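Read through the structure below, which is laid out as structure tokens, and then see the notes.
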Amino acid sequence: MNTIELENKLGITFCKRQELAIEKGRGSYVWDEQGNKFLDFTSGWGVTCLGHSHPVIVNSIIQQSQKIMQNPNSGFTYSPARAKLLRQLHEVLPNGLDKIYFANSGAEANDAALKLARKITGKSKVISMIGSFHGRTFNTLAVSTGIDNTEKYLPPSTQTRFVQFNDFPALSEELDDNTAAVILEPIQGEGGVRIADSEYLQQLSSLCKNHKAMLIVDEVQTGFCRTGKFFAIEQQLAEIEIDILTMGKGIAGGFPFAAFAVSRDVDQGISLGDHGGTYCGNPLGCAIAADVIGYLRDNNIAERVRLMGKNLQEQLKLLGKKHRNIVESVRGEGLLWALQLSDDALVERLTAACLQRGLLVTPTRNGVLRLIPSLLLSNEELIEAVEILDSALASVVQIH
Ligand SMILES: Cc1ncc(COP(=O)(O)O)c(C=O)c1O
Numbered sequence: 012m013n014t015i016e017l018e019n020k021l022g023i024t025f026c027k028r029q030e031l032a033i034e035k036g037r038g039s040y041v042w043d044e045q046g047n048k049f050l051d052f053t054s055g056w057g058v059t060c061l062g063h064s065h066p067v068i069v070n071s072i073i074q075q076s077q078k079i080m081q082n083p084n085s086g087f088t089y090s091p092a093r094a095k096l097l098r099q100l101h102e103v104l105p106n107g108l109d110k111i112y113f114a115n116s117g118a119e120a121n122d123a124a125l126k127l128a129r130k131i132t133g134k135s136k137v138i139s140m141i142g143s144f145h146g147r148t149f150n151t152l153a154v155s156t157g158i159d160n161t162e163k164y165l166p167p168s169t170q171t172r173f174v175q176f177n178d179f180p181a182l183s184e185e186l187d188d189n190t191a192a193v194i195l196e197p198i199q200g201e202g203g204v205r206i207a208d209s210e211y212l213q214q215l216s217s218l219c220k221n222h223k224a225m226l227i228v229d230e231v232q233t234g235f236c237r238t239g240k241f242f243a244i245e246q247q248l249a250e251i252e253i254d255i256l257t258m259g260k261g262i263a264g265g266f267p268f269a270a271f272a273v274s275r276d277v278d279q280g281i282s283l284g285d286h287g288g289t290y291c292g293n294p295l296g297c298a299i300a301a302d303v304i305g306y307l308r309d310n311n312i313a314e315r316v317r318l319m320g321k322n323l324q325e326q327l328k329l330l331g332k333k334h335r336n337i338v339e340s341v342r343g344e345g346l347l348w349a350l351q352l353s354d355d356a357l358v359e360r361l362t363a364a365c366l367q368r369g370l371l372v373t374p375t376r377n378g379v380l381r382l383i384p385s386l387l388l389s390n391e392e393l394i395e396a397v398e399i400l401d402s403a404l405a406s407v408v409q410i411h
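According to my numbering, the sequence shown is numbered sequentially starting from 12.
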């Protein structure tokens, strides 16, 4: 049996897959088992920020794995690898977030954030945004929408209220003194690359303060230079106060790792035993994350992403104009972009047409095709992707 047959026979499948078995990756490219090469604009779902198998990451794995791999946050001892990462991460975090804990996935970090917000405020109501995605644990499913999930697994959570993203009147109707937290993504990734307005974020932050509700900002998808800043929320920092910031995906460039950072006030409310996990803050993940963050910072990748992002924006806008019969809009920031089409069926056809031409892209809900390339994308790779998209859009138009 080949790879695909074996996976189909023995693996549980929760999503539709392409008939493609990826064997290796280098930089912005991946290769299947037959040696066919694909330009990867998925980055393993927004994870491989330095591209595939970057030497910094490979070297980090070799070096740290030869020292020690496991000695978690929740164990009894300290770790030089963890201490180094704490220092590196603290240097790039928004001001005011001074205490950090490491986790293994974005959902786990968000789950802990929600749990701690409820415990510390002594309140249970949580407000989340329509279109948000925060993970697939019970807690995070309860604050996510759009995927056919919550109804399937849960009685509708009576503690969660969903409001329209960027709609301040709707938020102020719901946010009251019983609210433990508001959770939101500065740019909704799975929701189709929808950007929070600056004014909305400021108003939201001061309303949270008025009602002593925590503001949880989920930067799992947008953090670590993806939007041309270390964190997407950075621009608004003068006006907003974050209680908990959650991180994942790009933090360790491909190794499963995540984190949450809290203000000193939140930290005051944390007690021994509130949280933990066998692999949380393992030295291997810490060493890789420290090296990824060091690379992003030392090479000013945020600036690079801003420039490359501008270039990609211009090219995509031109494509949008040229194919305006099917592209309704183009939106994004840095190297996180979306082409808005009319429906998911069209996106599926476009994804397949891109694949046929050697480009991997991520279909997202509500008629959105999402582009999440490596942050080290070159000009030539950008042009290659745009040419493929152009040809794929044309082919889809012909049969539309
Ligand atoms: C904004 C956001 N939060 C949380 C998650 C969940 O992260 P993970 O899949 O690592 O649990 C995702 C994943 O796509 C995400 O985009």
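We put the beta carbon where it would ideally sit given N, CA and C, even for glycine. Note that this is a predicted model, so its numbers are computed, not measured.
6 Å Cβ shell around alanine 301 - same chain, five flanking residues per side excluded: On the sequence shown, residue 301 is found 290 positions in, with the first residue counted as 1. So the qualifying residues of the chain are Lys95, Leu96, Gln99.
Identify the continuous beta strand (DSSP E) that holds glycine 265 and give its terminal residues. Here the question's residue 265 lines up with position 254 in the sequence shown. That residue, glycine 265, is in no beta strand (DSSP E); it is neither H nor E in DSSP.
Would you say the beta carbon of aspartate 229 is closer than 8 Å to some non-hydrogen atom of ligand 1? Against the sequence shown, residue 229 aligns to sequence position 218. Result yes, Cβ under 8 Å from ligand 1.
With a threshold of 8 Å, establish whether the CB of phenylalanine 144 neighbours any heavy atom of ligand 1. For the purposes of this step, residue 144 is taken as residue 133 along the sequence shown, with counting starting at 1. Yes, ligand 1 has a heavy atom inside 8 Å of this Cβ.
Along the chain, where does the beta strand (DSSP E) containing aspartate 309 start, and where does it finish? Walking along the sequence shown from the start, residue 309 turns up at place 298. Looking at the DSSP string, aspartate 309 is not in any beta strand (DSSP E); the run it does join, the alpha helix (DSSP H), is 294-309.
Once you ignore the five residues that flank lysine 134 on each side, which residues in its own chain have a CB closer than 6 Å to its CB? Within the sequence shown, residue 134 is the residue found at index 123, counting from 1. Contacts found: Asn189, Ala191.
Quick one: is glycine 46 buried, meaning 16 or more other Cβ sit within 10 Å of its Cβ, or exposed? For the purposes of this step, residue 46 is taken as the residue at position 35 of the sequence shown. The residue is exposed, with fewer than 16 neighbouring Cβ atoms inside 10 Å.
Cβ-Cβ distance between glycine 55 and phenylalanine 144 below 9 Å: Position 44 of the sequence shown holds residue 55. Position 133 of the sequence shown holds residue 144. For glycine 55 and phenylalanine 144, no; Cβs fall outside 9 Å.
Do valine 154 and proline 197 have their beta-carbon atoms positioned less than 9 Å apart in this structure? Against the sequence shown, residue 197 aligns to sequence position 186. Against the sequence shown, residue 154 aligns to sequence position 143. Their beta carbons are not under 9 Å apart, which means proline 197 does not touch valine 154 by this criterion.
What is the residue span of the alpha helix (DSSP H) that isoleucine 281 lies within? Residue numbering aside, residue 281 sits at position 270 when the sequence shown is read from its first letter. Neither: isoleucine 281 is in no alpha helix (DSSP H) and is coded neither H nor E.
Assuming isoleucine 312 is part of the beta strand (DSSP E), what are its boundary residues? Residue mapping note: residue 312 aligns to position 301 of the sequence shown, counting from 1. Premise fails: isoleucine 312 lies in the alpha helix (DSSP H), 312-333, not in any beta strand (DSSP E).
How many Å lie between asparagine 390 and proline 91 at the Cα? Taking the sequence shown and counting its residues from 1, one reaches residue 390 at position 379. Taking the sequence shown and counting its residues from 1, one reaches residue 91 at position 80. When rounded, the distance between both Cα atoms is 38 Å.
Pull the bridge partners of phenylalanine 113 from the DSSP assignment, please. Working through the sequence shown from its first residue, we reach residue 113 at position 102. Its beta-bridge partners are Ala270.
Can the beta-carbon of leucine 125 be found less than 9 Å from the beta-carbon of asparagine 84? Mapped onto the sequence shown, residue 125 falls at position 114. Mapped onto the sequence shown, residue 84 falls at position 73. No, they are not a contact pair.
Give a single yes or no on whether asparagine 311 has its beta carbon closer than 8 Å to a heavy atom of ligand 1. One-based indexing of the sequence shown puts residue 311 at position 300. No.
Which one of Val137, Gly157, Ser385 has the shortest CA to CA distance from cysteine 219? On the sequence shown, position 208 is the one that residue 219 refers to. Looking at the Cα atoms, Val137 is the closest of the given residues.
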